[in-house]
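Let me begin by presenting the structure, written as structure tokens, before commenting on it.
Protein chains: 2
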Amino acid sequence: MADTAVERRPGRPRTQTLDERVLEGVSALLESGETLSVRRVVEASGVSKAAIYRRWPGITELIAAALDRGRTPYGISLSGDLLENLLEAFSSDGAEVGYSEERLRTRLRLSLADRDLQQTYWNSHITRRRAGLLELLQLGVARGELRADLDFDACCDLITGVFYYQVVVRGDSLSDPATRDRCRAALRVAWRGMLNPG
Amino acid sequence: MADTAVERRPGRPRTQTLDERVLEGVSALLESGETLSVRRVVEASGVSKAAIYRRWPGITELIAAALDRGRTPYGISLSGDLLENLLEAFSSDGAEVGYSEERLRTRLRLSLADRDLQQTYWNSHITRRRAGLLELLQLGVARGELRADLDFDACCDLITGVFYYQVVVRGDSLSDPATRDRCRAALRVAWRGMLNPG
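So the sequences go chain by chain: A and B.
Residues in the first sequence are numbered from 1 upward in steps of one, following the numbering used here.
Residues in the second sequence are numbered from 199 upward in steps of one, following the numbering used here.
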């Protein structure tokens, strides 16, 4: 298994390969519905306990990292029409989702069952991913397009909340055209609400 | 147990008491983490299978009804200042939550694990509860305060999405003053975005 991982990513350093092996092991265990422990991860990945603890402080951080696998930052362009960039970034493959919807649902389900995991995931992954959106809003204010008195946190919650709502409450798919249209309409409302009237 | 239920609600008809007994039984089973079946509900509630099936078509509808226990409609006033009414309705006890946050988390967790349950809950409970919010927006348009071209579904998702985001993504409590302030700020942004510019 180590060899396979090495062959698949020949240019990557040894430590990344180990990381990847561990996270793949954790993901597989999560998908199987097993209760996780570092001992089970050692068995599933073949990576030693010591090596795991050198990389992650504990099982919660390890699960959070595995749940984040495959997700990419929003990737919002900061030149030209900011609203168009926002719509584009959030409709490329549904919301802030750079991975399958089933994995998103699993991540949310586990987070709702475990507040520690939820807070860890929020602090270590989501806040980092929100940085691109925050930057876009700050640029809008700097340009004078958006109001100077914006509550950035509230605006980020408003913008991303509508996408989570589709998955968590409606049970709709973000790749469904009707869902995307609804989200785009909602983003336009939010954007108008942030515009500088002056 | 039947007697207790009857004593607690002396003025209510017999059928409502049976409903309540069944839903209490289902809730207790859900809280214990048990896998549910109609047979287990019969054992837990003492109500016959035939009586249960007369009221609910199946286990999914029964779970949806139990998850909705204790929730009340938004209760949005439709006179006076509509934005103030909206802020008031959504800050009375956090979002659209007329029951404990743990039950909300349980409901969302079960929905994420079971798409049938999620769709049933959406169709039979949430769409009904959204009616008050929808009415408020429609009144705003009729008054000329809100834009005539609003996508009502998108706006309802935007407004309620920000509250779910607090619980599902941030892991924050809706009774926390900082969370409430953030949600209120977001609602004001959404409202400005819906205003009729004419």
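Backbone N, C-alpha and C fix where the C-beta goes; we use that ideal spot for every residue, glycine too.
Discussion item. Distance check for Val224/B and Ala185/A, CA to CA, integer angstroms please.
Written reply: Between the C-alpha atoms of Ala185/A and Val224/B there is a straight-line separation of about 39 Å.
Fill in: Per-residue burial, Leu78/A [other beta carbons within 10 Å of its own, 16 or more giving buried]
With fewer than 16 other CB atoms across the displayed protein chains lying within 10 angstroms of its CB, Leu78/A is exposed.
Worksheet item: Can you find a CB in chain B that lies within less than 8 Å of the CB of Leu30/A?
Response: no
Worksheet item: Measuring CB to CB, does Ala66/A end up less than 8 Å from Thr120/A?
Response: no
Fill in: Beta-ladder partner(s) of Leu344/B, from DSSP
Leu393/B
Discussion item. Please return the same chain residues whose Cβ sits closer than 6 Å to the Cβ of Thr179/A, not counting the five positions on each side in sequence.
Written reply: Gln166, Asp172
Item to complete: With a 10 Å radius around its C-beta and 16 neighbouring C-beta atoms as the bar for buried, classify Thr35/A as buried or exposed.
Response: exposed
Worksheet item: Measuring CB to CB, does Leu260/B end up less than 8 Å from Val239/B?
Response: Yes, these two residues count as a Cβ contact at 8 Å.
Worksheet item: Straight-line CA distance for Val339/B to Asp347/B?
Response: 9 Å
Item to complete: Give the residues from the stretch 244–276 of chain B that approach chain A closer than 9 Å (Cβ to any Cβ), ordered along the chain.
Response: none
Worksheet entry | Chain-ordered chain B contacts of Ala185/A [CB-CB under 7 Å] | Residues of chain B passing the Cβ test: Asp349, Ala352.
Practice prompt. Pull up the CB-CB distance for Ala388/B and Leu356/B, whole angstroms please, since I reckon it's below 8 Å.
Written response: 5 Å
Worksheet entry | Beta carbon of Ala50/A nearer than 8 Å to that of Ala28/A | no
Worksheet item: How would you write the range of the alpha helix (DSSP H) that Leu67/A sits in, first residue to last?
Response: Leu67/A -> alpha helix (DSSP H) spans 59–68.
Item to complete: Quick one: grab the DSSP three-state call for Thr120/A.
Response: In the structure shown, Thr120/A sits in a helix (DSSP, three-state: H, G or I).
Practice prompt. Taking Asp374/B as the query, report the chain A residues whose CB atoms sit under 9 Å from its CB, ordered along the chain.
Written response: What Asp374/B touches in chain A, judged by beta-carbon distance under 9 Å, is nothing: the nearest beta carbon there is about 13 Å away.
Practice prompt. Please check if any C-beta of chain B sits within less than 8 Å of the C-beta of Thr17/A.
Written response: no
Worksheet item: In angstroms, rounded to a whole number, what distance separates the CA positions of Phe163/A and Asp314/B?
Response: Cα to Cα, Phe163/A sits roughly 20 Å from Asp314/B.
Worksheet item: What three-state label does DSSP hand Val42/A in the structure shown?
Response: helix
Item to complete: Could you give the DSSP three-state label for Ser246/B: helix, strand or coil?
Response: coil
Practice prompt. Compute the distance between the beta-carbons of Asp320/B and Val168/A, then report whether it is under 8 Å.
Written response: According to the sequence shown, residue 320/B is Trp rather than Asp. Result no, Cβ atoms of Trp320/B and Val168/A do not sit closer than 8 Å.
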